[in-house]
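S.K.: Going left to right, the sequence shown walks through residues 5 to 70 as our numbering numbers them.
Positions of the beta carbon are idealized from the N, C-alpha and C atoms, including for glycine.
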Amino acid sequence: MNVPDNYDRWEQHEAECEAWLKKQPICAECGEHIQDDYCYEINDELVCENCMEMNHKKWTEYYTDI
């Protein structure tokens, strides 16, 4: 009888995660796989949430005359 141990299960889980990750889209700005449930499309390119926050979010107070 062949009973898998925890290491075998871990290897199986890692292989499943790797296969899932390879199917995910890649962010046009950072080059990483997008693992969130959503992303943004800018000029027909997909952008992840992190890149949107870091590269495109601007505070309106910087653009108003006080």
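For N10, would you say it is in contact with chain D, using Cβ-to-Cβ distances shorter than 8 Å as the test?
M.R.: The displayed structure is made up of one protein chain only, and chain D is not part of it.
S.K.: Starting from E20, trace the alpha helix (DSSP H) in both directions and tell me its first and last residue.
M.R.: Residues N10 to K27.
S.K.: So is C21 buried or exposed if we call it buried at 16+ other beta carbons inside 10 Å?
M.R.: Its Cβ having fewer than 16 others within 10 Å, C21 is exposed.
S.K.: So, at 7 Å on beta carbons, what are the nonlocal neighbours of E33 in its own chain, with the 5 sequence-adjacent residues on each side left out?
M.R.: Around E33: V51, C55 and N59.
S.K.: Would you tell me roughly how many angstroms separate the C-alpha atoms of D9 and Q16, rounded to the nearest one?
M.R.: Cα to Cα, the separation comes out at about 11 Å.
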